[in-house]
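2 protein chains.
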Amino acid sequence: LILLGSAAGGGFPQWNCACSNCCRAWAGDPKAPHRTQASLAASSGDGRWLLVNASPDLLTQIIRTPALHPIGLRASPIAAVLLTSGEIDNIAGLLSLRERQAFTLLATPRVQEILARNSVFDALDPALVRRQPLRPEETVEVAGLRVTLFPVPGKPPLYLEGAAAAGEEEDTVALELTGSDGRRACYVPGCHHVTPALRERLAGAEAIFFDGTVWTDDELQGVGVGTKTGRRMGHQPLSGPDGSLAALRGVAARRKILVHINNTNPLLIEDAPERGLAAAEGWEIGYDGMELAL
Amino acid sequence: LILLGSAAGGGFPQWNCACSNCCRAWAGDPKAPHRTQASLAASSGDGRWLLVNASPDLLTQIIRTPALHPIGLRASPIAAVLLTSGEIDNIAGLLSLRERQAFTLLATPRVQEILARNSVFDALDPALVRRQPLRPEETVEVAGLRVTLFPVPGKPPLYLEGAAAAGEEEDTVALELTGSDGRRACYVPGCHHVTPALRERLAGAEAIFFDGTVWTDDELQGVGVGTKTGRRMGHQPLSGPDGSLAALRGVAARRKILVHINNTNPLLIEDAPERGLAAAEGWEIGYDGMELAL
């Protein structure tokens, strides 16, 4: 597994933001390293790769990841792309996977419908890119891995909020990857609240990548860059008695890694005291290029 | 003027390509430096910037260009974005200009219609992003510059070829920028063939940025990566008696710069003999980060 990007939508620093975190990143502070938008690459080791979400930073991520460089004259090792939602930060990178390259595009029927309704995605040649609907709890084999989507509490993409009914099951899904030896990894980049079913699902995984968007619910208001709460954006805050770290306490997993970290989150700063609190709960902070061999 | 990116669609190296040029770039050969996809930033010097096209590499381009860094808590100096076509490599970067930022989005009515029909672009908050149709030969003032689009021979975006009537006037436009002192720059990233009207338009400009996509018409076939000719993709080859360099011979301009250079073009290699031929005709090879003060 290679964590291609570890930031939430907008990346870090965010193009139009001069909050205190972003200012440190713009200034090149080594304690506030730049991060691209969240995405994961997974492989069973046979040379083919599954891309989990296609972030707007995908070309940058491919260029800095030798495992994803071309393996023939016009041949990418990326065999499939799986989308966990229709949010822009998960789908925009599809527009960079042009140039007559065959791959399988996996997403729930709802997300496939979003792509079908937007003609810009026809830039992916329909003769080469196979769009395969994948319902929650269906399992397919991709790049030597068993892939299962499962619903988590979330919300529809902002740009479709007017059109979509709120909180339907398929809007936000998470991913379970299972190797041939039965070992599992779970990728949950967005989660509105932890449920007992989710705790059960995550328990016993080799690795959990979990929604680390905001540390506190009113964090954007606190730094003056927005009016929305974390929960309004579909993300449970990490800290506090009703935060996700508390809700996930006791869930056993070999590695527990926070991803999809918003530019306002204090965890982005390497010497922030909040890092110690996350570490005390057994959580690592994901970073661009982080590799895990399970 | 800052040339943010100098490559054609796909960039250099291209994500799935191992042609001889791309192999040198993947290997980190200093004579084959990486290039992002073509885009230009322009300003009259008042601190506001006009972005000419929003390439898929836009976030990378902003991060490496201090003039485009935020100037307030949530405030970008990018006052406007102008699109010269609806091609993916000119519009995908719009999806990265989210996060509650006001700017003006200028494009021909045809390109505005493409954006309107694709709901993903609703991610640009309509309360903040003003979409302003700009017809060829209309002039508006943006960021202290007079901006005029003018038609050039071209073709509709590939992903719309089925839907659009071929070769209509608005499909490909070029840009004329005029400062308060009357000095002009022209940006022509795509051009199917040079016409007398185009020669006349370009003559006397301080700077011309011109379509440098392919050196020879059958270049993609030559390196084995495609079947389409340059002209089929809407781009006149540079070389030869019927090439654009010959067609533009004698057009007087202080600086003449090739941009939108395809990954197959020998001009990408710094010691290629083709560079000498272009230089003999008075052309410079644009590069990422190139700055011109007119």
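Chains as they are written, first to last, in the working numbering: chain A, 261 to 554; chain B, 261 to 554.
For glycine and all other residues, C-beta sits at the position ideal for the given N, C-alpha and C.
Keep in mind it's a predicted model, so treat the numbers as computed, not measured.
Residue 393/A sits in a strand when the DSSP states are folded into three classes.
For the segment 446–492 of chain B, the continuous alpha helix (DSSP H) assignments of 4+ residues that do not extend past its boundaries occur at 456–462 and 479–483, in sequence order.
For the segment 489–515 of chain A, the set of residues with a beta-carbon nearer than 7 Å to any beta-carbon of chain B is empty. Two segments are said to touch when three or more pairs of C-beta atoms, one from each, lie closer than 8 Å; by this definition the segment 451–471 of chain B does not touch the segment 535–552 of chain A. A residue is called buried when at least 16 other Cβ atoms come within 10 angstroms of its Cβ; residue 388/B does not meet this threshold and is exposed.
Contact between residue 433/B and residue 402/B is absent: CB atoms are separated by about 15 Å, not below the 8 Å threshold. In this structure, residue 372/A keeps its C-beta atom at 8 Å or more from the C-beta atom of residue 396/A. Under the Cβ distance rule, residue 308/A does not count among the residues neighbouring chain B, no pair being separated by less than 8 Å. If you look at residue 320/A, you'll find it in the alpha helix (DSSP H) that goes 318–323.
The C-beta distance from residue 349/B to residue 414/B rounds to 14 Å, too long to meet the 8 Å contact threshold.
Beta-bridge annotation (DSSP): residue 272/B is paired with 295/B. The Cβ of residue 333/A sits closer than 8 Å to at least one Cβ of chain B. Neighbours of residue 329/A across chain B, judged by C-beta separation under 7 Å: 286. Interface criterion not met: the Cβ of residue 344/A is under 8 Å from no Cβ in chain B. Counting C-beta pairs with one atom in each stretch, the segment 461–477 of chain A and the segment 329–340 of chain A have fewer than three that are closer than 8 Å, which means they do not touch. Contact of residue 319/B with chain A is assigned, a C-beta pair being separated by under 8 Å.
Where residue 309/B is concerned, the enclosing beta strand (DSSP E) starts and stops at 309–312.
Residue 371/A: not part of any beta strand (DSSP E); member of the alpha helix (DSSP H) spanning 369–377, first to last residue. Residue-level contact check: residue 378/A touches chain B, since one or more beta carbons of chain B fall below 8 Å from its beta carbon. Its Cα nearest to that of residue 321/A, the residue 298/A stands out among 303/A, 304/A, 298/A and 307/A. Here residue 386/A has no same chain residue with a Cβ atom under 6 Å from its own Cβ, once five neighbours each way along the sequence are excluded. Residue 318/B is positioned such that its CB atom lies no closer than 8 Å to that of residue 263/B. Distance from the CA of residue 307/A to the CA of residue 469/A, rounded to the nearest whole angstrom, comes to 22 Å. Chain A places no beta carbon closer than 8 Å to that of residue 370/B, leaving this residue out of the contacts. Taking one beta carbon from each stretch, the segment 335–347 of chain B and the segment 363–380 of chain B have 3 or more pairs nearer than 8 Å; the two touch. The residues 279, in chain order, have a CB closer than 8 Å to that of residue 484/B in the same chain once the five nearest residues on each side in sequence are set aside. Listed as beta-bridge partners of residue 437/B by DSSP are 407/B and 445/B. Not a single CB atom of chain B sits nearer than 8 Å to the CB of residue 340/A. Within 10 angstroms of the beta-carbon of residue 316/A lie 16 or more other beta-carbons, which makes it buried.
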